[in-house]
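In our numbering, the protein residues as written are 32 to 607.
We put the CB at the ideal spot given by N, CA and C, even for glycine.
Notes follow the structure.
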């Protein structure tokens with residue numbers, strides 16, 4: 032028998048075995064009791080199990096020896112067996128017929144969610160397309176919305192739902208095969224998958240545990256303090272690393288996972304709410320805030336600045352962007368973790384002994400191992416290329432592939448371990464599928480029709496520019512449910528909405544900055560709306576329904592902060 036006891040994150044095994052007891056020799060004695068009426072004796076056989084024969088032996092007794100005359104004669108086991116009476120034969124019971132082996136139950140789709148997903152698609156498919164919407168765009172919208180409903184209700188794993196959606200688009204000739212799978216050549220899904228491989232090495236080598244314990248030792252006396260330390264650390268890195276996917280996946284996902292496991296909170300074992308669920312959701316929702324605060328904090332932000340210059344003839348520089356965003360941004364970074372702490376609280380809120388225990392753990396870990404040093408050096412190399420890659424013409428995904436190559440060559444991470452990261456491959460599949468479908472909705476003309484319809488509707492309401500701009504903002508923000516990329520949304524709708532806002536009397540630079548900020552904040556609504564979303568959702572700590580629900584709540588909080596308090600700040604600095 033073997034037993035093992037695991038301590039997080041260090042794994043200790045206590046093995047013990049209990050062998051079988053040595054077999055005891057079978058002992059048998061023949062006792063002969065002298066009869067008062069005869070010199071013969073009646074043998075009785077006794078074994079160590081104290082069993083008596085059912086009938087006395089009828090065979091004549093053997094000649095008595097000297098020992099037998101003393102009444103006790105030791106004999107061998109075979110002799111005793113010969114002397115013992117044979118038991119009456121008892122017929123053995125007929126063996127029961129063997130039951131046929133049970134076939135394993137089919138692990139197919141959940142029927143009700145599957146029917147709901149199909150019903151949405153079929154209903155939209157057969158509704159006549161509005162005037163101005165091409166038929167193929169309307170059919171793709173039906174497949175896209177059916178896939179989204181399937182991803183929400185999950186009749187099958189997310190990757191399977193998305194793959195079936197792509198198959199339906201190809202089967203119905205709505206998309207060609209090349210078009211349906213075109214986004215598998217997009218760098219963002221691969222960057223997200225590579226982030227999971229980095230996380231494997233970060234945790235496997237123990238570097239994640241070491242960094243996590245250092246964080247706990249410094250900030251771990253309260254869960255809220257631990258969360259704020261991560262939030263502001265990410266915000267400090269944001270202006271230097273222009274990929275939110277790289278920041279989230281390459282740096283903070285491994286760190287947050289290590290912290291959660293160090294505190295006994297793991298995905299899939301019922302301990303998610305202990306710490307991990309709140310920490311993952313907090314780090315994700317604040318990552319969209321830090322992306323909105325700096326021109327260089329998200330890859331699509333320069334696109335907003337370029338479209339602004341092309342539409343209204345005014346540019347947005349790095350300093351102006353940061354100056355306008357700093358006040359509402361800091362307010363969101365402070366308030367969002369606190370609000371989530373109230374409405375989605377962790378089970379562990381205070382741990383006064385955690386810093387001391389973390390320091391003890393660090394002392395037990397000793398100096399860094401060779402694997403830890405290689406992992407740390409690779410991470411520094413990759414982050415350095417993310418920061419300075421623009422000057423070297425090295426993009427984020429190329430830097431990540433280089434880093435993974437180092438880990439594979441040195442054996443810190445094996446390819447077999449990469450293949451075993453099922454979440455990485457699942458995320459790559461469904462995210463690429465949604466990017467492809469959303470991209471072709473734009474190419475087929477659905478997004479341009481939607482933008483023009485909104486512009487006509489809002490322009491015909493006859494409201495003040497403040498009210499009209501408020502309606503435009505809400506429509507721009509919540510239409511992001513149709514997009515799996517901030518860059519795609521900006522490219523499709525930013526210029527049209529900025530043009531109509533300016534035509535309705537909204538100060539042009541003010542409108543451009545607000546739409547630019549919201550182009551980041553709207554990514555917090557879903558698990559696919561921005562590069563950091565699949566990373567943190569894929570960790571498995573927060574159910575999808577809660578992810579969307581709290582995403583909607585925080586979207587309202589951010590809109591109130593940025594359009595409420597932010598408007599006063601923008602008035603002070605002369606934007607309107």
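Residue i - partner residues in DSSP beta bridges
i           : result
residue 482 : DSSP, once it has assigned bridges, lists no residue as partnering residue 482.
Assigned secondary structure, residue i (DSSP; H/G/I helix, E/B strand, else coil)
i           : result
residue 499 : helix
residue 274 : coil
residue 381 : strand
residue 613 : The question about residue 613 has no answer here: the residues shown for the chain are numbered 32 through 607.
residue 253 : strand
residue 404 : helix
residue 105 : Residue placement at residue 105 is poorly supported in this model, since its pLDDT is 46, which falls under 50; the coordinates still yield a value, given next. It is a strand residue.
residue 425 : coil
residue 494 : coil
residue 413 : helix
residue 577 : helix
residue 316 : helix
residue 475 : coil
residue 444 : coil
residue 330 : coil
residue 568 : helix
residue 435 : helix
residue 188 : coil
residue 204 : coil
residue 302 : coil
residue 676 : Residue 676 cannot be examined here, being either before or after the span of the chain that is shown, 32 to 607.
residue 14  : Coverage of the chain is limited to positions 32 through 607, which leaves residue 14 absent and any answer about it impossible.
residue 375 : coil
CB of residue i within 7 angstroms of CB of residue j, strictly
i           : j           : result
residue 328 : residue 335 : no
residue 593 : residue 359 : yes
residue 276 : residue 320 : no
residue 307 : residue 475 : no
residue 390 : residue 243 : no
residue 178 : residue 403 : no
residue 144 : residue 188 : no
residue 220 : residue 462 : yes
residue 200 : residue 211 : yes
residue 556 : residue 223 : no
residue 518 : residue 529 : no
residue 311 : residue 567 : yes
residue 444 : residue 241 : no
residue 489 : residue 482 : no
residue 331 : residue 183 : no
Assigned exposure category for residue i - 16 Cβ within 10 Å defines buried
i           : result
residue 250 : buried
residue 208 : exposed
residue 631 : Nothing can be reported for residue 631, as the shown portion of the chain is limited to 32 through 607.
residue 153 : exposed
residue 534 : exposed
residue 497 : exposed
residue 292 : buried
residue 141 : exposed
residue 345 : exposed
residue 446 : exposed
residue 317 : buried
residue 378 : exposed
residue 288 : buried
residue 107 : Confidence at residue 107 is low in this model, with a pLDDT of 44, below 50, so its placement is unreliable and the value that follows should be read with caution. Exposed.
residue 56  : With a pLDDT of only 41 at residue 56, under 50, the local geometry of the prediction cannot be trusted, and no value is derived from it.
residue 515 : buried
residue 563 : buried
residue 576 : exposed
residue 401 : exposed
residue 166 : exposed
residue 387 : exposed
residue 546 : buried
residue 305 : buried
residue 597 : buried
residue 159 : exposed
residue 82  : Only weak support exists for where residue 82 lies, its pLDDT of 42 falling under 50; the coordinates are left without a value.
residue 583 : exposed
residue 565 : buried
residue 172 : buried
Any non-hydrogen atom of the ligand MG within 6 angstroms of residue i CB
i           : result
residue 190 : Summarising the ligand content, the structure contains no ligands, and the ligand MG is consequently not present.
Closer than 7 angstroms to chain D by CB, residue i
i           : result
residue 561 : You won't find chain D in this structure, because it holds only one protein chain.
Residue ranges of each alpha helix (DSSP H) run of no fewer than 4 residues wholly in the segment 501-560, ordered along the chain?
517-520, 526-534 and 539-552
4-residue-minimum alpha helix (DSSP H) runs that sit fully inside the segment 210-258, ordered along the chain:
Correct list: 218-235 and 238-250.
Taking only runs that begin and end inside the segment 140-182, name each unbroken beta strand (DSSP E) of 3 or more residues, in chain order.
none
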